[in-house]
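Participant: The numbering used here numbers the first residue of the sequence shown as 792 and each following residue consecutively. Where is the CB? At the ideal position from N, CA and C, for every residue including glycine. Below are the structure tokens for one structure; questions will follow.
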Amino acid sequence: MKIAYVSYEVSPYAKAGGLADVAGALPIYLKKAGAESYVIMPFHKTIENNFDVSQFKLVKENLVTDSHSYKGPFSVYQSYLPNSDVKIYFIKTDQLFDSKNIYDEDNIFLKTSFFCDASLKTIKEIEPDTNVINVNDWHTSLIPVYLKTNYYEDVLLRKKATVLTIHNIGYQGLFESNVLSIAGLPSYLFNMEALEFYGKVNILKGGIMFSDVINTVSPTYAKEIQTKEYGFGLEGILKIRSDDLYGILNGIDYSIYNPLTDPYIFYPIKTYEDKLKNKRKLQEYCKLPQKNNTSIISFIGRLYEQKGVDLMTNMIKYLLLADVQFVLLGTGNETYEHFFKSLENEFPKKVSINITFDTDLAQKIYAGSDIFLMPSRYEPCGLGQMYSMRYGTIPVVRYTGGLQDTVLEFDPVSKAGTGFGFYEYSESALLYTTLKAIYYHQKKKDDWKILFKNCMSADFSYEKTAKEYIELYKKAMAKKS
Ligand code: ADP
């Protein structure tokens, strides 16, 4: 079995969120589990600034897409995912993929649709024996659409099975109907049975309608997106395709996120005392008083409503009445950025706000905090809670999507469990649950140490995830035979 994993972002080459982490890790574990796999991504300009691209091998040049109106030409460069023999192909063309922010809205349809058609050409030219193409989110969702329309009679491409992985249904790629001609796709696709969605073209809808199999990144989210509350308007067609819809929990890469070897944390963590050493260093780094008993509560993530940031802004001043320090790392909505910056000015001894994207600092925070907040409105899988557990930081989450599938409520009688959670989307529920965690941290030290151990021994490794994906690929391939 040979898998093409096609993604607009891949860690460490270009990362905006959780998709990059999955794309940079899953193919390695697929290969370990016996499925040959490789990755395709755009040669974003930012890669040139951050990597020694002279090491990349030029595999093909002067390629031209068969359908797309942008005629490139494009080249394909090849390197490897770090510390592995999994190939990654970069699609390079002079005038696209040049923005600082890879999801910059300027020409985003042109770039993503070109990337889809160019990926198919790459597969045809360089990896013709590929069996399954795993596309991810709306940016690569035109691949199954091309395959079932323009390339339906292509003897090589028509045999490729497709899997669409939905990492976040909140982003669908909505455009005016005239974009179809840019992609070189037939105008009849602007139809309710295909890509039309309330007068617009909806690219993710195309992916859902035309892929052989669909999955999302946790079992709970797979159920949730079939409801009005979580489906963002696509719940109806997901219900139609529910026989082909699966939920597979993401893993985290234990070889990178390893508290014993992680070069970005202050001290390796094996015991609770090691954790406290990291905590003191984090306090120093964040210019906060070095107090052991004070609970460090942290948040790392995009500052948008999806992440429950509105709940945090509404409850944070009440939380600060307790003996806590609050450390935030994130970027996003400017109103939230300003809110937190002024909070830091008001409470400089209790609050550290870091409005930046900094993966090194993220590790230090995962390692040095006591409690990690993830009060998401919705959360397809969520990685932050898994990273925090891995470094012995206890998560407080809203039980939704992958948060529900990964965090187990602490039971003071059996001592089982890895965190604390709530269901109702309200600031009072978040405040109450965080105060409960603080109570355990400050007053129930023995239970806290058990929680620390339970979290650090929870298993979110990729081996299990990879096996489930291989089963999924078999289902997709069965549809082609
Ligand atoms: P999403 O993909 O919705 O943004 P996830 O929890 O799945 O959320 O993944 C977010 C990933 O991005 C995590 O690895 C998290 O540590 C990282 N991250 C988010 N914001 C920042 C930031 N400002 N600096 C460093 N890493 C960040």
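(1) Can you give, in chain order, each stretch of the alpha helix (DSSP H) that sits fully within the segment 903 to 980 and has at least 4 residues?
(2) Thinking just about the alpha-carbon of each residue, which of L1073, T1062, G1038 and L1040 is nearest to the one in Y1055?
(3) Hey, how far is the Cα of R1168 from the Cα of D928?
(4) If you run the structure through DSSP and keep just helix, strand and coil, what is F1131?
(5) Are the CB atoms of L1194 and G1183 nearer to each other than 9 Å?
(6) Look at the Cβ atom of L1079, then the Cβ atom of S1143, and state whether they are nearer than 9 Å.
(7) Report yes or no: do the segment 1251 to 1264 and the segment 1042 to 1058 share at least 3 C-beta pairs separated by less than 8 Å?
(8) Considering only DSSP beta bridges, list what L1119 is partnered with.
(9) Under a Cβ-count criterion, where at least 16 other Cβ atoms within 10 Å of its own Cβ denotes burial, should Y1214 be classed as buried or exposed?
(10) For Y1021, tell me which candidate among L933, Q1116, P1171 and L1111 has the shortest Cα-Cα distance.
(11) By the three-class DSSP mapping on this structure, what secondary structure does I1056 have?
(12) Use the C-beta contact count for D1151: other C-beta atoms within 10 angstroms, 16 or more gives buried, fewer gives exposed.
(13) Could you check which residue in G815, K822 and F905 has the C-alpha nearest to that of D857?
(14) Taking just the CA atoms, how far does L1111 sit from K1061?
(15) Beta-carbon separation of Y1063 and G1024 under 9 Å?
(16) Check whether the Cβ of F1117 sits closer than 8 Å to any heavy atom of the ligand ADP, and report yes or no.
(17) With burial defined as no fewer than 16 other Cβ atoms inside 10 Å of the residue's Cβ, what is the status of H835: buried or exposed?
(18) Counting along the chain, where does the alpha helix (DSSP H) carrying N1245 start and finish?
(19) To the nearest angstrom, how far is the alpha carbon of Q1154 from that of V1100?
(20) For the candidate residues A811, G1123 and T1126, whose alpha-carbon lies nearest to that of H958?
(21) In the DSSP assignment, find the unbroken beta strand (DSSP E) run with S1016 in it and report its ends.
(22) Going by alpha carbons, who is nearest to I831 out of K1270, G815 and N841?
(23) Under 9 Å between the Cβ atoms of V954 and D1003?
(24) What's the gap between the Cα of I1031 and the Cα of V1198?
(25) To the nearest angstrom, how far is it from the Cα of E1128 to the Cα of K1265?
Facilitator: Quick answer:
(1) DSSP runs (the alpha helix (DSSP H)) wholly in the segment 903 to 980: 933 to 939 and 970 to 974.
(2) Counted from its first residue, the sequence shown places residue 1055 at position 264. A check of alpha carbon separations from Y1055 across L1073, T1062, G1038 and L1040 identifies L1073 as the nearest.
(3) Start at 1 with the first residue of the sequence shown, and residue 1168 comes out as number 377. Start at 1 with the first residue of the sequence shown, and residue 928 comes out as number 137. Straight-line Cα distance between these residues: approximately 19 Å.
(4) Here residue 1131 refers to the residue found at position 340 when the sequence shown is read from its first residue. F1131: helix per DSSP, three-state reduction.
(5) For the purposes of this step, residue 1194 is taken as the residue at position 403 of the sequence shown. For the purposes of this step, residue 1183 is taken as the residue at position 392 of the sequence shown. Taking a C-beta distance under 9 Å as the contact criterion, L1194 and G1183 do not qualify as a contact pair.
(6) Locating residue 1079 in the sequence shown gives position 288, where the first residue counts as 1. Locating residue 1143 in the sequence shown gives position 352, where the first residue counts as 1. Yes, Cβ-Cβ distance for L1079 and S1143 is below 9 Å.
(7) Enough Cβ pairs lie closer than 8 Å, so yes.
(8) Working through the sequence shown from its first residue, we reach residue 1119 at position 328. According to DSSP, which records beta bridges pairwise, L1119 is partnered with F1090 and I1144.
(9) Within the sequence shown, numbered from 1, the residue matching residue 1214 stands at position 423. By the 10 Å Cβ count, Y1214 comes out exposed.
(10) Translated into positions along the sequence shown, residue 1021 becomes position 230. Of the candidates L933, Q1116, P1171 and L1111, the one whose C-alpha sits nearest the C-alpha of Y1021 is P1171.
(11) The sequence position of residue 1056 within the sequence shown is 265, counting from 1. Reduced to three states, the DSSP call for I1056 is coil.
(12) Within the sequence shown, the letter at position 360 stands for residue 1151. Counting of Cβ neighbours within 10 angstroms places D1151 among the exposed residues, the total staying below 16.
(13) Within the sequence shown, the letter at position 66 stands for residue 857. Nearest of G815, K822 and F905 to D857, Cα basis: F905.
(14) On the sequence shown, residue 1061 is found 270 positions in, with the first residue counted as 1. On the sequence shown, residue 1111 is found 320 positions in, with the first residue counted as 1. The straight-line gap from Cα to Cα measures roughly 30 Å.
(15) Sequence index remark: in the sequence shown, residue 1063 carries index 272 (1-based). Sequence index remark: in the sequence shown, residue 1024 carries index 233 (1-based). Taking C-beta atoms as the reference points, Y1063 and G1024 fail to come closer than 9 Å.
(16) Residue mapping note: residue 1117 aligns to position 326 of the sequence shown, counting from 1. Taken from the Cβ of F1117, every heavy atom of the ligand ADP lies 8 Å or farther away.
(17) As a position in the sequence shown, residue 835 is number 44, starting the count at 1. Within a 10 Å sphere around the beta-carbon of H835 sit 16 or more other beta-carbons, which makes this residue buried.
(18) Residue numbering aside, residue 1245 sits at position 454 when the sequence shown is read from its first letter. Per DSSP, N1245 belongs to the alpha helix (DSSP H) from K1236 to S1248.
(19) Counted from its first residue, the sequence shown places residue 1154 at position 363. Counted from its first residue, the sequence shown places residue 1100 at position 309. Approximately 21 Å between the Cα atoms of the pair.
(20) Translated into positions along the sequence shown, residue 958 becomes position 167. Ranking the options by Cα distance to H958, first place goes to A811.
(21) Position 225 of the sequence shown, counted from the start, is the residue given in the question as residue 1016. Note on residue identity: the sequence assigns Ile, not Ser, to residue 1016. From DSSP, I1016 is part of no beta strand (DSSP E); its letter is neither H nor E.
(22) If you number the sequence shown from 1, residue 831 lands on position 40. With distances taken between Cα atoms, I831 lies closest to G815.
(23) Within the sequence shown, residue 954 is the residue found at index 163, counting from 1. Within the sequence shown, residue 1003 is the residue found at index 212, counting from 1. The Cβ-Cβ distance between V954 and D1003 falls below 9 Å.
(24) Here residue 1031 corresponds to residue number 240 of the sequence shown, with the count starting at 1. Here residue 1198 corresponds to residue number 407 of the sequence shown, with the count starting at 1. In this model, I1031 and V1198 are separated by some 30 Å (Cα to Cα).
(25) By 1-based counting over the sequence shown, the position of residue 1128 is 337. By 1-based counting over the sequence shown, the position of residue 1265 is 474. Each residue's Cα considered, the two are about 45 Å apart.
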